[in-house]
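**Q**
There are 2 protein chains.
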Amino acid sequence: MRIGMLGTGMVGQTLASKLASLGHDVFMGAREADNERARKWVEKTGGTAQRGTFAGAAHYGEVLFNCTLGAASLDALEQAGAEHLEGKVLVDVSNPLDFSKGMPPSLFVSNDDSLAEQLQRAYPKARVVKALNTINAGVMVDPGRIADGEHATFLSGNDSDAKEIVRGILASFGWKQIIDLGDVTSARGSEMYLPLWVRMWGALGDANFNIKIVRS
Amino acid sequence: MRIGMLGTGMVGQTLASKLASLGHDVFMGAREADNERARKWVEKTGGTAQRGTFAGAAHYGEVLFNCTLGAASLDALEQAGAEHLEGKVLVDVSNPLDFSKGMPPSLFVSNDDSLAEQLQRAYPKARVVKALNTINAGVMVDPGRIADGEHATFLSGNDSDAKEIVRGILASFGWKQIIDLGDVTSARGSEMYLPLWVRMWGALGDANFNIKIVRS
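Line by line, the protein sequences are chains L and R. Going by the numbering used here, 184 is the number at position 161 of the first sequence; the sequence numbering is gapless. Going by the numbering used here, 157 is the number at position 134 of the second sequence; the sequence numbering is gapless.
1. State yes or no: is the beta carbon of L:P128 nearer than 7 Å to at least one beta carbon in chain R?
2. In whole angstroms, what separates the C-alpha of L:L29 from that of R:D171?
3. Between the C-alpha atoms of L:L130 and R:K67, what's the straight-line distance to the nearest angstrom?
4. CA-CA distance, L:E187 and R:L120?
5. Among the residues of its own chain, which have a CB less than 6 Å from the CB of R:R222, if the five just before and after it don't count?
6. Between the beta-carbon of R:L204 and the beta-carbon of R:S179, is there less than 7 Å?
7. May I ask you to verify whether the stretch 187-196 of chain R touches the stretch 211-221 of chain R, counting CB pairs closer than 8 Å and requiring at least 3?
8. DSSP state of R:Q56, grouped into three classes?
9. Can you give me the C-alpha to C-alpha distance between R:S44 and L:N231, rounded to a whole angstrom?
10. For L:L219, go through chain R and note every residue whose CB falls closer than 7 Å to its CB, in chain order.
11. Answer with yes or no whether the minimum CB distance from R:R245 to chain L is below 7 Å.
12. Measure the alpha-carbon distance for R:P128 versus L:A95 and round it to whole angstroms.
13. Hey, L:N233 and L:V207: beta-carbon distance below 7 Å or not?
14. Residues in the stretch 225-236 of chain R with C-beta within 8 Å of chain L's C-beta atoms, listed in sequence order?
15. For L:W224, which of R:I236, R:A226, R:D135, R:G228 has the nearest alpha-carbon?
16. Using the beta-carbon of each residue, which ones in chain L are nearer than 7 Å to R:R222?
17. Closer than 9 Å, Cβ to Cβ, to anything on chain L: give me those residues from the stretch 167-180 of chain R, in chain order.
18. Closest to R:D48 by CA distance: which of R:L38, R:K153, R:G110, R:G161 is it?
19. Below 8 Å on the Cβ atoms is my contact criterion, and I expect R:L42 with R:L97 to pass it. Report the Cβ-Cβ distance as a whole number of Å.
20. Just to confirm my understanding: we take R:F122, look at its own chain, exclude 5 residues before and 5 after, and list those with CB closer than 6 Å. What are they?
21. Of the residues that make up the stretch 146-160 of chain R, which ones have a beta carbon closer than 7 Å to any beta carbon in chain L?
22. Is it right to say R:T76 is buried, meaning 16 or more other beta carbons lie within 10 angstroms of its own, or is it exposed?
23. Quick check: the Cα distance between R:V249 and L:K111, rounded to an integer number of angstroms?
24. I want to see whether chain L comes within less than 7 Å of R:D115, judged by CB atoms only; does it?
25. What number of angstroms, rounded off, separates the C-alpha of L:W64 from the C-alpha of L:A145?
26. So R:V112 is in the beta strand (DSSP E); what residue range does that whole segment cover?
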């Protein structure tokens, strides 16, 4: 598939590398066309991947990954351009983390709204799927390093076909417990989990963990 | 131990029955001294347990369980009386669920505060420990019904000795993955997990589940 990445940070690079290794055609999009991290990342892939602006990535991709910081996501999508988001599967990996009062962060949107809903409202023709926002980057692309991949990742979105496409990508990463939480409003659940994730990270002393759903 | 229960609902009754079955001396406290559910519950125990007001329960117990609805908890503690809460371990099982806009609920306090913190601030001499608020009542007292008890429950509180007392009670229920998240502010994490719990409940169609922490 043609994949457009929005965001060149740790999460964007890790996902981009995994997707490229699985044979997808990846376009790394940044705020500026000559982004240093995007250039180095493309060099690492042997020059087979492409790079450019958010608009370039959004235009190129059939599936887009929003890996920008939550506080910058709406602005990044504006730069990507509504015309390039129309009909696209937009995997929203971001979290509405507010670090303005230090650690641990709070959320700048929660309870009766979520960042995923804000993105969906701003770009109603994009097919937003909240996913992968509840684990650290290394675990996202290599779930098998923990419990043979038998642990939880979540999907939220209004478009069932888009969720099935994302489910297929997650399964190709090795995810075995992929839970469809419901429509885009259910992203409130996975986003509001972040404060617990941060506290567990502190208690465990290591971000290489996840939660597995166990049942009677 | 002498246990004072605050709240006669499903959670209060289930915990009270488990604690009595383990040999603890349980006092079931309600808003009114002649509460019907408390009377029936005491009858079921063969009359060995006691019952009365919130103040009676708080006076009696060394360890108190707040099992009232989140929205009613501060009022219940006011009825219990500051003089009866002083020095007591107060296990806060409640959640700040706001059902005023229907299902799914949102939280009436979150992000930069939590219900556990509100209770601790209102009664600074109580030893508040947030616990057991992340699972349904049946799982609380019978964790072994799922994954042999190897799944997660959380502690938050400022008093280490109080947390160790609660850890011992949870271990006696069969809990094997008891995670100390930190001071009382870490209750924001376990309380903000509730919206995800509610969505997982919907997706799984059954409240008999929990999360297990898995690590690499």
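Beta carbons are placed, not taken as given, at the ideal position from N, Cα and C, and that holds for glycine.
**A** Straight from the coordinates:
1. no
2. 43 Å
3. 46 Å
4. 32 Å
5. none
6. yes
7. no
8. Contrary to the premise, residue 56 of chain R reads as Ala rather than Gln in this sequence. If DSSP states are grouped into helix, strand and coil, R:A56 belongs with coil.
9. 39 Å
10. G212, S213, M215, Y216
11. This structure gives no information on residue 245 of chain R, because the portion of chain R shown stretches from 24 to 239.
12. 28 Å
13. no
14. G225, A226, L227, D229, N231, F232, N233, I234, K235, I236
15. R:I236
16. L204, G205, S209, G212
17. R168, I169, A170, E173, H174, A175, F177, S179
18. R:L38
19. Incorrect: roughly 24 Å between the Cβ atoms, too far for contact.
20. P128
21. none
22. buried
23. An answer regarding residue 249 of chain R cannot be provided, because it is not within the stretch 24 to 239 covered by chain R.
24. no
25. 30 Å
26. 112-115
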